[in-house]
Amino acid sequence: MSTSLSPPIDVKLNGFTVYEKNVTLQEMAQPRLAAQVFSRRDYYKVLLLESKCLIHYAHQSLELDGQYLFFTNPHIPYSLEMRTDQLHAYACLFTEEFVKAADRSESLQQSPLFRIGSTPLFKLPASQADYVRSIFQKMLTEQEGDYPFKGDLIRTYVQLLIHEALHLQPADTVFQPKNAATRITSLFLELLERQFPIEPPTQQLPLKTPQEFADRLAVHVNHLNKAVKEVTGKPTSAHIAGRILDEAKALLQHTDWSVASIGYCLGFEYPTYFQNFFKKHTGITPLSLRRKA
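Every number in my numbering is 220 more than the matching position in the sequence shown, counting from 1.
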């Protein structure tokens with residue numbers, strides 16, 4: 221039986237929940253903790269990871285050994301692989317509406333911790349890890365309590381987590397000025413992510429090729445390709461294919477839609493086109509992945 225870092229189904233406090241998770245390797249049928257289920261909804265997430273593991277985020281894979289604070293947004297799927305017999309973590313999930321209830325400042329998507337293109341992972345010194353853990357424990361206590369203003373108090377705790385992370389790097393790193401190539405790459409990645417997640421099976425991706433993205437951004441496709449390759453080291457087409465592949469895996473694992481319906485949503489005219497694309501990039505068929513999941 222697979223185990224994930226997912227909380228109870230009902231998100232408490234109308235847009236917020238916090239929980240502590242201990243998972244042993246023996247409790248799991250497979251070594252990976254698939255957490256994409258919460259990329260299917262509107263929850264932002266902050267995790268305190270305290271065990272050795274491998275984290276897959278967007279198109280990156282990072283080895284963790286120590287205590288880390290990790291921020292995710294609902295547009296980018298991630299997963300964890302255990303590198304020890306037990307994984308221990310704290311996590312809180314919240315909607316933008318919950319956090320911004322008393323604040324009308326910039327959107328969370330514009331935050332340096334949650335915006336697309338960032339790597340929101342911070343290694344914590346032991347003393348700071350103790351402090352961050354205490355914040356999670358206070359949120360757990362308040363969540364179960366009956367204090368009438370606990371929502372306001374928990375919002376303050378979430379802001380404390382955000383500021384602790386911002387303190388871990390200098391301001392000129394967090395708010396680094398962008399050159400032209402970086403700006404257009406950021407716009408491309410944001411435009412790409414805004415197409416996801418696919419919710420109803422009748423939804424279709426509006427943009428699927430570098431030319432379509434270039435047209436939407438009002439730039440020449442060669443200019444877009446050059447900028448994206450310069451900034452990320454990968455061509456535009458690789459980012460598009462990778463993101464479509466991530467969405468295909470999530471839909472295969474977390475919906476009962478037919479393979480043909482999933483292929484249609486992702487812009488493939490015929491099911492065989494989708495099957496060939498999926499097998500080319502993964503080495504297995506869509507149905508094989510679904511059976512494994």
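Ideal Cβ positions, reconstructed from N, Cα and C, are used throughout, including at glycine. Predicted, not measured: the structure shown is a model, and the values here were computed from it.
Exercise for the section: Name, in chain order, the residues that DSSP records as bridge partners for Asn242. Expected result: Its beta-bridge partners are His308.
Practice task
Spell out a yes or no on whether the region 431-447 and the region 467-482 are touching, meaning 3 or more CB-CB pairs, one atom from each, closer than 8 Å.
Solution key: no
Problem - Distance cut-off 8 Å: Val451 Cβ against heavy atoms of the ligand NAD - result: Absence of the ligand NAD is noted for the structure shown, with no ligands found whatsoever.
Exercise for the section: Less than 8 Å between the CB atoms is what I'm expecting for Tyr264 and Glu316, so what's the real figure, rounded? Expected result: 7 Å
Exercise for the section: Kindly indicate if chain D contains any beta-carbon less than 9 Å away from that of Pro421. Expected result: Structure shown: chain D not included; a single protein chain is present.
Problem - At least 3 beta-carbon pairs within less than 8 Å: the region 413-424 vs the region 479-498 - result: Touching, yes, given that three or more Cβ pairs across the two stretches are closer than 8 Å.
Handout entry: Contact between the region 402-420 and the region 441-456 (3+ Cβ pairs under 8 Å)
Key = yes
Exercise for the section: Rounded to whole angstroms, what's the CA-CA distance from Ala401 to Arg414? Just pull it up for me. Expected result: Rounded to whole angstroms, Ala401 and Arg414 show a C-alpha spacing of 20 Å.
Exercise for the section: Check whether the Cβ atoms of Val378 and Ala311 lie closer than 9 Å to each other. Expected result: no
Exercise for the section: Verify whether the separation of the beta carbon atoms of Thr304 and Ser354 is less than 9 Å. Expected result: no
Practice task
Compare the beta carbon distance of His531 and Glu364 with 9 Å and say whether it is the shorter of the two.
Solution key: Because the chain here runs from 221 to 513, residue 531 falls outside it and cannot be looked at.
Exercise for the section: Return the residue from the list Gly462, Cys273, Ile374, Thr244 that minimises the CA-CA distance to Lys500. Expected result: Gly462
Problem - Cβ pair Val352, Leu373 closer than 9 Å - result: Not closer than 9 Å, so no.
Problem - Phe291 and Ala385 closer than 9 Å at C-beta - result: Annotated as proximal: Phe291 and Ala385, with beta-carbon spacing under 9 Å.
Handout entry: Same chain, Cβ closer than 7 Å to Phe342, five either side skipped, listed in chain order
Key = Tyr288, Leu289, Ala385, Leu388
Problem - Residue burial classification, His459 (beta-carbon count within 10 angstroms, cutoff 16) - result: buried
Practice task
Report yes if the CB atom of Gly371 is closer than 9 Å to the CB atom of Asn234, and no otherwise.
Solution key: Yes, they are a contact pair.
Problem - Bounding residues of the alpha helix (DSSP H) (the contiguous stretch that carries Val441) - result: 441-452
Practice task
Assign Tyr298 to buried or exposed, taking buried as 16 or more other Cβ atoms, counted over all protein chains shown, within 10 Å of its Cβ.
Solution key: Looking at its Cβ environment, which holds 16 or more other Cβ atoms inside 10 Å, Tyr298 is buried.
Handout entry: Top-ranked residue by Cα proximity to Leu507, from Ser331, Val479, Pro455
Key = Of the listed residues, the one whose Cα sits closest to Leu507 is Val479.
Practice task
Let me know the secondary structure DSSP gives Tyr288 once reduced to three states.
Solution key: strand
Exercise for the section: Please check the pair Glu301 and Leu274, which I expect to be a contact at CB under 8 Å, by giving their CB distance rounded to whole angstroms. Expected result: 4 Å
Exercise for the section: Report the three-state DSSP secondary structure of Ser481 (helix, strand or coil). Expected result: helix
Problem - 8 Å contact criterion, which Gln495 and Thr505 should meet: CB distance rounded - result: The Cβ separation is near 6 Å, so the contact holds.
Exercise for the section: Measure the alpha-carbon distance for Lys446 versus Thr429 and round it to whole angstroms. Expected result: One alpha carbon belongs to Lys446, the other to Thr429, and they sit about 15 Å apart.
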